[in-house]
């Protein structure tokens, strides 16, 4: 099965690494209103399990225990 997807708007936000997770979510939605944001909390030394599926409407924002973005948020 081939799925054709049309991507519009920004797809990654490297400038948000080190920023507050809530503010990052607001920025992402304002720059690409076609996506929804999922904040993924993680504790030091622990990995939060997430599904391996790809979703062109989702942006995962990984944050540390202080709600600081730890990885580049991107569509997927």
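Numbering (the numbering used here), first residue to last: 545 to 620.
From the three backbone atoms N, C-alpha and C, an ideal C-beta is built for every residue, glycine too.
Query	Result
Spatial neighbours of residue 608 within its chain, please: CB distance less than 6 Å, with the 5 preceding and 5 following residues excluded, ordered by chain position.	614
Starting from residue 606 and walking both ways along the beta strand (DSSP E), at which residues does that stretch end?	602 to 607
Assign residue 596 to one of two classes, buried (16 or more other C-beta atoms within 10 Å of its C-beta) or exposed (fewer than that).	exposed
Less than 7 Å separating the Cβ of residue 562 from some heavy atom of the ligand FMN?	The ligand FMN is not among the ligands present in this structure, which contains no ligands whatsoever.
Would residue 553 be called buried (16 or more neighbouring beta carbons within 10 Å of its own) or exposed?	exposed
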